[in-house]
């Protein structure tokens, strides 16, 4: 272990491998109960010891362990497969994984970039629900209920047409028209009599 003084007179340990840069990483090897310490700069430690992890990184990162375990040639096919599936925002560079990890978008364009994946994400987050069904104040709530009822009737009408139940479709059409007229005349304060 070689030590040199820096400009302030403080002793620094020099890397045992390159003998140029200051040692910032100490590797302790235990063999037959005997401790052997090696001192390396970050560059040499990264190249010599596959499990060296920078202090800024998560020391338990499975990706880091596996990527250091395998050689670069073994990693390339796996990285190419992963890169095909990575969706990144054009403007801010956030990935879908970063959005999932942080729970927020990097910019307004992220919503458009990740749009195909969002229904599945929201479905998982909201226990299978993808539509918001909240409360609404009195009269407004009645109008919203009418609109939802009209929408449901139109869906039933399309299904009836698809199965060639034209009489049923005509009844549903008339019912939807009645509800639409109620909606245009003031909301759900009138009751539908059939």
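Numbering (full-length UniProt numbering), first residue to last: 1 to 194.
Positions of the beta carbon are idealized from the N, C-alpha and C atoms, including for glycine.
Return the first residue and the last residue of the beta strand (DSSP E) that residue i is part of.
i: residue 34; result: 34–40
i: residue 20; result: Where residue 20 is concerned, there is no enclosing beta strand (DSSP E), given that its DSSP letter is neither H nor E.
Give the range of the alpha helix (DSSP H) segment to which residue i is assigned.
i: residue 119; result: 118–125
i: residue 107; result: Note, residue 107: premise wrong, no alpha helix (DSSP H); not H, not E.
Would you list the residues sitting across from residue i in a DSSP beta bridge?
i: residue 130; result: Answer by DSSP bridge pairing: none, since residue 130 is not bridged.
i: residue 88; result: 95
i: residue 26; result: 39
Please go through the same chain and pick out, in chain order, the residues whose beta-carbon is closer than 6 Å to the beta-carbon of residue i, but skip the five residues on each side of it.
i: residue 181; result: none
i: residue 95; result: 86, 88
i: residue 60; result: Model confidence at residue 60 stands at a pLDDT of 43, short of 50, so the residue's coordinates are unreliable; what they give is reported in the following sentence. No residues qualify anywhere along the chain.
i: residue 29; result: 36
i: residue 103; result: none
i: residue 65; result: With a pLDDT of 48 at residue 65, under the threshold of 50, the modelled position of this residue cannot be trusted, and the question is left open.
Sorted by chain position, which residues of the same chain lie with C-beta nearer than 7 Å to residue i's C-beta, five sequence neighbours on each side aside?
i: residue 24; result: 41, 42
i: residue 172; result: 153, 156, 157, 160
i: residue 81; result: Interpretation of residue 81 is limited by its pLDDT of 49, a score under 50 that renders its predicted location unreliable; no figure is taken from the coordinates.
i: residue 111; result: 105
i: residue 168; result: 160
i: residue 202; result: With the chain covering only 1 through 194, there is no way to say anything about residue 202.
Please return the same chain residues whose Cβ sits closer than 8 Å to the Cβ of residue i, not counting the five positions on each side in sequence.
i: residue 20; result: 14, 41
i: residue 183; result: 143, 146, 147, 150
i: residue 117; result: 87, 96
i: residue 176; result: 150, 153, 154, 157
i: residue 179; result: 146, 149, 150, 153, 192
i: residue 90; result: 109, 113
Strictly under 8 Å for the Cβ-Cβ distance: is residue i near chain D by that measure?
i: residue 140; result: Of the protein chains in this structure there is only one, and it is not chain D.
Does the distance between the C-beta of residue i and the nearest non-hydrogen atom of the ligand SAM fall short of 7 Å?
i: residue 165; result: Within the structure as shown, the ligand SAM is missing, as the structure has no ligands at all.
Self-check item: Every unbroken alpha helix (DSSP H) within the UniProt domain "UVR" (147–182), with a cutoff of 4 residues, ordered by chain
Solution: none
Quiz item: Would the stretch 160–168 and the stretch 119–134 be scored as touching if the rule is three or more Cβ pairs under 8 Å?
Solution: no
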